[in-house]
């Protein structure tokens, strides 16, 4: 898990395989994220793509831990803020088995995890071994817009 700000994106350019992180970084740096409509944006086929989402944050207790087997997430907040929580998957209890089609497994909320308030221009990177719980309100529920860049790891 990594928590950082937009000014440090280039530091992560050489992570992963086959220049995929570099493509994700270029997308985040060279795209007017504010103008993107919600939806899916292809960057490098199924290897790197972005999902732009808008929603209202929810109470922490209602948010769900999740993890992915095949993709790393860069969850970048465009506007608003939310609490993102991290916990190692070996410290979580599976609640909904892995769905291969959607590349997601869900866990229960027993682990309090490591919480961070992520604001506009900040992001967290979650690898396949990182349980993460996005969408939680930082205070009262509020609107948020973010982009989740998915990087294929295998």
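In my numbering, the protein residues as written are 1078 to 1231.
Glycine included, each C-beta is placed from N, C-alpha and C at the ideal position.
Problem set entry | Residue of 1121, 1215, 1204 minimising C-alpha distance to residue 1136 | Residue mapping note: residue 1136 aligns to position 59 of the chain shown, counting from 1. If we check each option's Cα against that of residue 1136, 1215 comes out closest.
For this session: Determine the direct distance from the alpha carbon of residue 1161 to that of residue 1205, and round the result to whole angstroms.
Result: In the chain shown, residue 1205 corresponds to position 128, counting from 1. In the chain shown, residue 1161 corresponds to position 84, counting from 1. If I take the Cα positions, the gap works out to 16 Å.
Problem set entry | For residue 1099 and residue 1088, the rounded distance between their alpha carbons | Within the chain shown, the letter at position 11 stands for residue 1088. Within the chain shown, the letter at position 22 stands for residue 1099. Spanning the two alpha carbons is a distance of roughly 10 Å.
For this session: Hey, could you find the ends of the beta strand (DSSP E) residue 1102 is sitting in?
Result: Walking along the chain shown from the start, residue 1102 turns up at place 25. From DSSP, residue 1102 is part of no beta strand (DSSP E) but of the alpha helix (DSSP H) over 1097 to 1107.
For this session: Name the one or two DSSP bridge partners that residue 1161 has.
Result: Counting from 1 along the chain shown, the entry for residue 1161 is found at position 84. Answer by DSSP bridge pairing, in chain order: 1193.
For this session: Tell me whether the beta-carbon of residue 1105 lies closer than 8 Å to the beta-carbon of residue 1175.
Result: Taking the chain shown and counting its residues from 1, the one referred to as residue 1105 is at position 28. Taking the chain shown and counting its residues from 1, the one referred to as residue 1175 is at position 98. No, they are not a contact pair.
Exercise. Based on the DSSP secondary-structure assignment, which residues constitute the bridge partners of residue 1133?
Worked result: Here residue 1133 refers to the residue found at position 56 of the chain shown. Looking at the DSSP assignment, residue 1133 forms a beta bridge with 1220.
For this session: Return the CA-CA distance between residue 1129 and residue 1092, expressed in angstroms with no decimal places.
Result: Residue mapping note: residue 1129 aligns to position 52 of the chain shown, counting from 1. Residue mapping note: residue 1092 aligns to position 15 of the chain shown, counting from 1. Distance between the alpha carbons of residue 1129 and residue 1092: 23 Å.
Exercise. Which residue's Cα is closest to the Cα of residue 1185: 1115, 1172, 1178, 1197?
Worked result: Here residue 1185 refers to the residue found at position 108 of the chain shown. Nearest of 1115, 1172, 1178, 1197 to residue 1185, Cα basis: 1172.
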